[in-house]
Amino acid sequence: MGLEYFNQFMGTNPIDKKTNKNVWSYTRVSSKDQKSNKSLSYQKEYAEKYAEKKEFVITEEFGNTFESAKGDFTRKEFSKLLDRVKKARVKPFAILIYKMNRFSRSGGKGIALAQELVNKYGVHLVETKSGISTVTEEGEYQIWKKLLKARKENMERLEHTIPGLKKFLEEGYYLGKAPVGYSLYGTKVQDFNNRATEQRVEINEDGKLLMKAWKMKANGERDYVIRAFLEKRGLKMSKQKMSAMWTKATYCGISTNKFLDKPIKGNWKPIVSVADFKKVQAILAGSTRTSGYKVEKTNVDRPLTGFIYCSKCKGKLTSYSVKKKGLHYYKCQSCKGVTLNANSSQKSIKTGAHNMFSDLLLTYKLEDKLVAPFKEQLKRVIKENSNEEYELQEALLKRQKSIQNKIDKLTDALIDELIDSEVYKRKKDILEQELEEINGELNIDAKKISNLEKMIDDSVELSQNINVYWESGAYEVKRKVQELVFPEGLVVNSEKRQYLTKKVNRLFQLKASIAKDAKGTKTKKVSKNADLSSLVAGTGLEPVTFGL
Ligand SMILES: [Zn+2]
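Structure follows, in structure tokens:
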């Protein structure tokens, strides 16, 4: 038997007796992800349905944004609500909340404010999911209970999660979204393609580019240059993001998550070595300024001053002149008898330091018959060194090809009537514009490569005439040639009248190895080994372009 008949005798629920029809709706989500977006619209929908059923009008929507559940969130949120309520000309009858736990994460103080809202301003709280509200005394009690319960649940969850989290981190796993350059594989990742049973953090294509970016940074390159370098290769990075990246130990393969007591080694491969990371930190701290360029006294007639060292005490030789005779000398301040005349003369018995140096340079001169193999080797070495320009060209050609492919596919799609001509045109325009940009960059790059080839020619020319440059060059040129060929200077044995070479520019080492090749000794391997392939790295080739 239906009891519908007795409906008319039911006690009236106080909530249906209201005269004020205005209510506010309150929603909240705990994160920005898609799930939360759904949750948000669901909460809104629920509030709307409830309002419709009870003939309420939602005049204001409150919350909506995500708020982290940390700290005294409830109190802050209630304070805001209270302010709004106080200021509102027309006060709402109630605030609709999907579930009370949406509202409460920190209990006590929040509840006090909620009570103020209800008791002082007469604005009720309604939980739309259960229909419980502060309108009745029983409901009010239940609402406070729910707030407390939510608080308790939250506490328990934190207690439960943190130790687990810590253990997870201590085992070297990564927590959170993978930083640029790394791809995260695991059970909980958003991208379904990256689902895996065991967590893996792997260096992706961007990461390979970032390896170079870190190298550049460690070598003192400026951020805007690095950003341009990355962008040309398809990785856009904002200024802020880049400067934030330089301080992330994650890139060193180190986990510094705040839940850990101390840094630990992560289960992922580093993108930057610890040494380079430290260099970058030093650069950021501005502490890498080298001891400063030491201006040396110009000794126009004694260019070897400060460049040659005493073989006995390893100290720098100084120089002086005997003006009356117009003679110049090099001398060790610490060792007795270590003196060299600068120039050979009929009067001097011993060969002059300058003449000795000329002779030494002559041994580094590139003979004509070696020019061709030298050039060939130099070119190969430059290419092998994954020279930036060559690499860029390769990357650009790859992009060019892929866009061409896309255009072809688009045309196919048009022919197969999968897209209409409007879509075709729009997409094609975008692709063609991109293609044009790439072509432009390819042109610029081709110019750089031709400069590189010109640099090879210059290097050859310089190597062929190195002694001439020194002998006939002005003081500045002489100094440059000296530093170019022997970047660390020379040690001189004054008794034996002999220079002992320390470090020789790799360009001239290359020449030496070619010369051995030509003699037919078994040095073919030497010319191909890694030592030579580092020729252009660092100080290798660049100084050659100093514009003699
Ligand atoms: Zn000495």
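With the numbering used here as the guide, the letters of the sequence shown map in order to residues 32 to 579. Where a beta carbon is used, it is the ideal one built from N, C-alpha and C, also for glycine.
Which of the three DSSP states is assigned to Cys341 in this structure?
Looking at Cys341 - three-state DSSP - the assignment turns out to be strand.
When every heavy atom of ligand 1 is checked, does at least one fall within less than 7 Å of the C-beta of Cys344?
Yes; taking the cut-off as 7 Å, the Cβ of Cys344 has a heavy atom of ligand 1 nearer than that.
Looking only at its chain, what residues have a beta carbon closer than 7 Å to the beta carbon of Val512, apart from the 5 residues adjacent to it on each side?
Within the same chain, Val512 has close Cβ partners Ile497, Tyr500, Trp501 and Gly504.
Helix, strand or coil: how does DSSP classify Lys80 here?
If DSSP states are grouped into helix, strand and coil, Lys80 belongs with the helices.
Drop a sphere of 10 angstroms on the beta-carbon of Asn470, count the other beta-carbons inside from all chains shown, and report buried for 16 or more, exposed for fewer.
Looking at its Cβ environment, which holds fewer than 16 other Cβ atoms inside 10 Å, Asn470 is exposed.
Does the Cβ of Ser365 lie closer than 7 Å to at least one heavy atom of ligand 1?
True, at least one ligand heavy atom lies under 7 Å from that Cβ.
Can we count Cys283 as close to ligand 1, meaning its CB is less than 7 Å from some heavy atom?
False, no ligand heavy atom lies under 7 Å from that Cβ.
Could you tell me which of Lys534, Glu526 and Lys248 sits nearest to Cys366, measuring between CA atoms?
That would be Glu526, whose Cα lies nearest to the Cα of Cys366.
Provide the residue span of the alpha helix (DSSP H) that contains Arg258, from first to last.
Unbroken alpha helix (DSSP H) run through Arg258: Asp254 to Lys263.
Output yes or no for whether 8 Å exceeds the beta carbon distance between Lys279 and Pro210.
The answer is yes: Cβ separation under 8 Å.
How would you label Val331, buried or exposed, when you count the other beta carbons within 10 angstroms and need 16 or more for buried?
The residue in question, Val331, is exposed, as its Cβ has fewer than 16 Cβ neighbours within 10 Å.
Regarding Val522 and ligand 1, is the C-beta to nearest heavy atom distance less than 7 Å?
No, the beta carbon of Val522 sits no closer than 7 Å to any heavy atom of ligand 1.
Using a Cβ-based criterion (distance less than 7 Å to any ligand heavy atom), does Val535 qualify as near ligand 1?
Checking every heavy atom of ligand 1 against the Cβ of Val535, none is found closer than 7 Å.
Does the Cβ-Cβ distance between Ser304 and Gly297 come in under 8 Å?
Not in contact: Ser304 and Gly297 (Cβ atoms no closer than 8 Å).
May I ask you to verify whether the stretch 363-382 touches the stretch 440-457, counting CB pairs closer than 8 Å and requiring at least 3?
Judged by Cβ distances under 8 Å, the stretch 363-382 makes no contact with the stretch 440-457, as fewer than three pairs qualify.
For ligand 1, is there any heavy atom lying closer than 7 Å to the beta carbon of Val369?
At least one heavy atom of ligand 1 is nearer than 7 Å to the Cβ of Val369, so yes.
Roughly how many whole angstroms lie between the Cα atoms of Asn250 and Val516?
Straight-line Cα distance between these residues: approximately 22 Å.
Using the Cα positions of Phe37 and Lys85, report the straight-line distance between them to the nearest angstrom.
Distance between the alpha carbons of Phe37 and Lys85 is about 21 Å.
Can you look up Ser269 in the DSSP assignment and give me helix, strand or coil?
Coil.
If contact is defined by three or more beta carbon pairs under 8 Å, each pair taking one atom from either stretch, is the stretch 384-393 in contact with the stretch 438-447?
No, they do not touch.
Specify the secondary structure class of Met524 as computed by DSSP and reduced to three states.
Contrary to the premise, residue 524 reads as Asn rather than Met in this sequence. Three-state DSSP puts Asn524 in a strand.
How many whole angstroms separate the CB atoms of Asp488 and Gln424, which I take to be in contact at a CB cut-off of 8 Å?
With 8 Å as the limit, Asp488 and Gln424 do not qualify as a contact, their Cβ atoms being about 20 Å apart.
Are the beta-carbon atoms of Leu196 and Leu206 separated by less than 8 Å?
Yes, they are a contact pair.
Among Val54, Pro518, Asp254 and Lys509, which residue has its Cα nearest to the Cα of Val121?
Checked all of Val54, Pro518, Asp254 and Lys509; the closest Cα to Val121 is Val54.
Answer with buried or exposed for Ala306, where buried requires no fewer than 16 other C-beta atoms within 10 angstroms of its C-beta.
Per the 10 Å Cβ criterion, exposed.
What does Gln529 pair with, by DSSP beta-bridge criteria?
Bridge partners of Gln529: Asn524.
Mapping DSSP to helix, strand and coil, what is Phe93?
Looking at Phe93 - three-state DSSP - the assignment turns out to be strand.
From which residue to which residue does the beta strand (DSSP E) around Ala125 run?
Looking at the DSSP string, the run of the beta strand (DSSP E) that includes Ala125 is Ala125 to Ile128.
Spatial neighbours of Leu34 within its chain, please: CB distance less than 8 Å, with the 5 preceding and 5 following residues excluded, ordered by chain position.
None.
Could you tell me which residues DSSP pairs with Thr58 in its beta bridges?
Its beta-bridge partners are Gly94.
If you run the structure through DSSP and keep just helix, strand and coil, what is Asn288?
Residue state, collapsed to three classes: coil.
Determine, using beta carbons only, whether Val154 and Ile174 come nearer to each other than 8 Å.
Not closer than 8 Å, so no.
Which class does Ser161 belong to by DSSP, given the choice of helix, strand or coil?
In this structure, Ser161 counts as coil in the three-state DSSP scheme.
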